[in-house]
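K.L.:
All letters in the sequence shown, in the order written, are residues 36 to 495 by the numbering used here.
Here a beta-carbon is modelled for each residue, glycine too, at the ideal position from N, C-alpha and C.
Below you'll find the structure I mean.
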Amino acid sequence: MLPPTVLAEFAALLGTERARVDADTLALYAQDETPGRCTPEAVLFPTSHAEVVGCVRLALEHKLPITPRGAGSGNVGGAQPTPGSVVLSFECMNRIVEFDPANRLIVVEPGVITQDIDRLARSAGLMYAPDPGSGAYSRIGGNLAMNAAGPRAVKYGVTRDHVLGLRAVDGSGRELRTGSRTSKYATGYDLTRLLIGSEGTLALITEATLRLVPAPERTVSLRVCYASDTAACTAVQRIMQQAVVPSALEFMDRRSIEAITEFGAAEGLPPGTEAVLMVEADGPAEDIPRQVAALENALRGDGLLELQTGFTPAEIQNLWTARKSLSHAVKKIAPLKLNEDVVVPVSRLAELVAAIDAMGTLHRLPIVSFGHAGNGNLHVNLMVHPDDEGEMARAEACLRELIETVLRLGGTLSGEHGIGNKKRKFILLEIEPDTLALMRDLKRVFDPQGILNPGKKLPD
Ligand SMILES: Cc1cc2nc3c(=O)[nH]c(=O)nc-3n(C[C@H](O)[C@H](O)[C@H](O)COP(=O)(O)OP(=O)(O)OC[C@H]3O[C@@H](n4cnc5c(N)ncnc54)[C@H](O)[C@@H]3O)c2cc1C
36 MLPPTVLAEF AALLGTERAR VDADTLALYA QDETPGRCTP EAVLFPTSHA
86 EVVGCVRLAL EHKLPITPRG AGSGNVGGAQ PTPGSVVLSF ECMNRIVEFD
136 PANRLIVVEP GVITQDIDRL ARSAGLMYAP DPGSGAYSRI GGNLAMNAAG
186 PRAVKYGVTR DHVLGLRAVD GSGRELRTGS RTSKYATGYD LTRLLIGSEG
236 TLALITEATL RLVPAPERTV SLRVCYASDT AACTAVQRIM QQAVVPSALE
286 FMDRRSIEAI TEFGAAEGLP PGTEAVLMVE ADGPAEDIPR QVAALENALR
336 GDGLLELQTG FTPAEIQNLW TARKSLSHAV KKIAPLKLNE DVVVPVSRLA
386 ELVAAIDAMG TLHRLPIVSF GHAGNGNLHV NLMVHPDDEG EMARAEACLR
436 ELIETVLRLG GTLSGEHGIG NKKRKFILLE IEPDTLALMR DLKRVFDPQG
486 ILNPGKKLPD
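See the structure below:
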């Protein structure tokens, strides 16, 4: 716990209610969605940019590491406190600063809940396109720090593609403004793109100017069942080779279908289903039939068992039932999910899925894979019992084999969940030494004392 004199300085800045060291608060902020805990020295709740600057300056003076935190929904330990650190939670910086539909932008503080931004945008016929599955509770600051994404990324891109500018505080307490309010920017270095996805290791984001896009008039869903993983992956390739880009292209593998079946939620899937694609199209109402025809054409091929299209909200909801039950179904297999978030070029997806199947057999582990197939982004879930040492050792070996396979196929370690403290050990397998050295130099420029989220993102 912080020495009383240091706590008094934070309390003088924030007020005693927002500089907390009580046991309940410390326990609550000792973990995020990732297994593992570490009790912080204090939890700070600034309410303004100026208070964040003050917190960084006090942390520097007292050599205290800072663990930034949004909603704590990250699953790579990014918001898990570093030993000896103070957690700086952005929950109380949750104001919409400005909503400017005429210029298709919105200015928000980092603690705003992601879905609330989209909801407000839609009141003016616009939308905030990034749609992480955690959007109902994750905070935009966490999304920016992780470069979060969701199913719509295949058509609309990831968080980074929807940010015009940022306000931030670096590890020296310097106050930064990056980008501009305009949709074109070619003035300084693009620090906006650098800070997005930097996982709180370069600067604390205190405000973001986000780009909004017109909301589609209509959305339709297709559920497509195949007799094998390969048949579904080949269909993904066909979809991504033609001109109509779907607004979602989600894949569930054979083990996912087995899990849903065991969970009792596979009703409606035709017999023999071993893989499912969930596809969405959106746009002007008059263009939907053309898009659906093109997508259906590409989805048809060897191994197709059934193709259903939902036009009304009830039909769409019905088609997504099996997919939505998946996270609950997976929890029944084993108590712990080691969740990888790998990406390969779309043309290599079938090879990756086949390799994962073989790894499951070799290492005697249930592996459930699903995800954003249109981006080649698979969530590969190794289901394990943490008390079973033998199983955990097999899982560790399997994870390394998975990463090596992904890199051999031309892919990358993470598509959206980031690196945090869980995946740092694999960075050297992907990033070349000179490039990594430059990244370390950048870290020193932004954070010379190394107080911002140490132990995350880059290997020691
Ligand atoms: C059920 C579930 C579904 C999910 N689905 C998706 C998905 O579809 N797509 C996806 O991308 N992710 C998903 N995630 C992961 C997670 O929700 C995202 O990474 C999200 O962006 C984290 O937001 P958060 O507010 O919870 O941030 P936290 O977990 O609190 O923090 C995440 C990282 O951001 C840093 N940080 C937070 N705020 C700031 C700030 N203001 N300035 C600098 N650094 C900061 C933290 O230090 C940490 O490193 C899912 C998680 C769960 C549990």
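#1: On the premise that residue 126 lies in contact with residue 99, defined as a C-beta separation below 8 angstroms, what is that separation, rounded to the nearest angstrom?
#2: Could you tell me if the beta carbon of residue 411 falls within a distance shorter than 6 angstroms of some heavy atom in ligand 1?
#3: First and last residue of the beta strand (DSSP E) that includes residue 256?
#4: Assuming residue 503 contacts residue 408 (C-beta within less than 8 angstroms), just tell me the rounded distance between them.
#5: Does the contact criterion of 3 or more C-beta pairs under 8 angstroms hold for the stretch 62–79 versus the stretch 458–476?
#6: Would you say the beta carbon of residue 178 comes nearer than 6 angstroms to a heavy atom of ligand 1?
#7: By the 10 Å Cβ neighbour count, where 16 or more other Cβ atoms means buried, how is residue 181 classified, buried or exposed?
#8: Counting Cβ pairs closer than 8 angstroms, one from the stretch 77–86 and one from the stretch 44–56, do we hit at least three?
#9: May I ask you to check if the CB of residue 240 is nearer than 6 angstroms to at least one heavy atom of ligand 1?
#10: Given 6 angstroms as the limit, tell me if residue 500 has its C-beta closer than that to any heavy atom belonging to ligand 1.
#11: Check whether the stretch 443–457 and the stretch 98–113 are in contact - that is, three or more C-beta pairs closer than 8 angstroms.
#12: Less than 6 angstroms separating the Cβ of residue 451 from some heavy atom of ligand 1?
#13: Can you tell which of 193, 234, 240 has its C-alpha closest to the C-alpha of residue 200?
#14: Within this structure, are the beta carbons of residue 365 and residue 311 separated by less than 7 angstroms?
#15: State whether the stretch 261–278 contacts the stretch 331–338, with contact taken as three or more CB pairs (one from each stretch) at a distance under 8 angstroms.
#16: Tell me whether the beta-carbon of residue 204 lies closer than 7 angstroms to the beta-carbon of residue 87.
#17: Report whether the distance from the Cβ of residue 168 to the nearest heavy atom of ligand 1 is below 6 angstroms.
#18: Among 329, 102, 290, 253, which one has its Cα closest to the Cα of residue 61?
#19: Report back the beta-carbon spacing between residue 187 and residue 285 to the nearest angstrom; my notes put them in contact at under 8 angstroms.
#20: Need the endpoints of the alpha helix (DSSP H) that residue 237 sits in, please.
#21: Going by alpha carbons, who is nearest to residue 451 out of 122, 44, 192?
#22: Under 6 angstroms from any heavy atom of ligand 1, does the C-beta of residue 496 make it?
#23: Taking Cβ positions, are residue 315 and residue 278 nearer each other than 7 angstroms?
#24: Comparing the CB of residue 67 with every heavy atom of ligand 1, is any distance shorter than 6 angstroms?
#25: Apart from the five residues on each side of it in sequence, which residues of its chain come closer than 7 angstroms, Cβ to Cβ, to residue 399?
#26: How do the stretch 244–252 and the stretch 130–142 stand: do at least 3 beta-carbon pairs fall below 8 angstroms, yes or no?
#27: Since residue 258 contacts residue 313 with CB under 8 angstroms, what's their CB separation in whole angstroms?
#28: Is it buried or exposed, residue 473, if we count other Cβ atoms within 10 angstroms and call 16 or more buried?
#29: Counting only the same chain and skipping the five closest in sequence on each side, list residues whose C-beta sits under 7 angstroms from that of residue 436.
#30: Are the CB atoms of residue 202 and residue 212 within a distance shorter than 7 angstroms?
#31: Excluding the 5 residues preceding and the 5 following residue 351 in the sequence, name in chain order all residues of the same chain whose CB lies nearer than 6 angstroms to its CB.
#32: Is the stretch 316–329 in contact with the stretch 285–296, if contact means three or more CB pairs nearer than 8 angstroms?
#33: Can you give the beta carbon distance from residue 145 to residue 243, rounded, assuming they're within the 8 angstroms contact cut?
#34: Check whether the stretch 474–494 and the stretch 112–122 touch, using three or more Cβ-Cβ pairs below 8 angstroms as the test.
#35: Could you tell me the boundaries of the alpha helix (DSSP H) in which residue 376 lies?
#36: If you reduce the DSSP assignment to three classes, tell me which class residue 128 lands in.
P.N.:
Reading off the structure:
#1: Actually they do not touch by this definition, with Cβ atoms about 20 angstroms apart.
#2: no
#3: 253–261
#4: The structure shown does not extend to residue 503, since the chain spans only 36 to 495, so no value can be given for it.
#5: no
#6: yes
#7: buried
#8: yes
#9: yes
#10: Since the first and last residues shown for the chain are 36 and 495, residue 500 lies out of range.
#11: yes
#12: yes
#13: Closest by alpha carbon: 240.
#14: no
#15: yes
#16: A contact, by the Cβ cut-off of 7 angstroms.
#17: yes
#18: Here the closest residue by C-alpha is 102.
#19: Between residue 187 and residue 285, the beta carbon gap of about 11 angstroms keeps them out of contact (Cβ cut-off 8 angstroms).
#20: Here residue 237 belongs to no alpha helix (DSSP H), and DSSP marks it neither H nor E.
#21: 192
#22: Coverage of the chain is limited to positions 36 through 495, which leaves residue 496 absent and any answer about it impossible.
#23: no
#24: Under cutoff, so the answer is yes.
#25: 429
#26: yes
#27: 6 angstroms
#28: exposed
#29: 394
#30: yes
#31: 256, 345
#32: no
#33: 7 angstroms
#34: yes
#35: Taken as a continuous stretch (DSSP letters only), residue 376 belongs to no alpha helix (DSSP H), being part of the beta strand (DSSP E) at 371–378.
#36: coil
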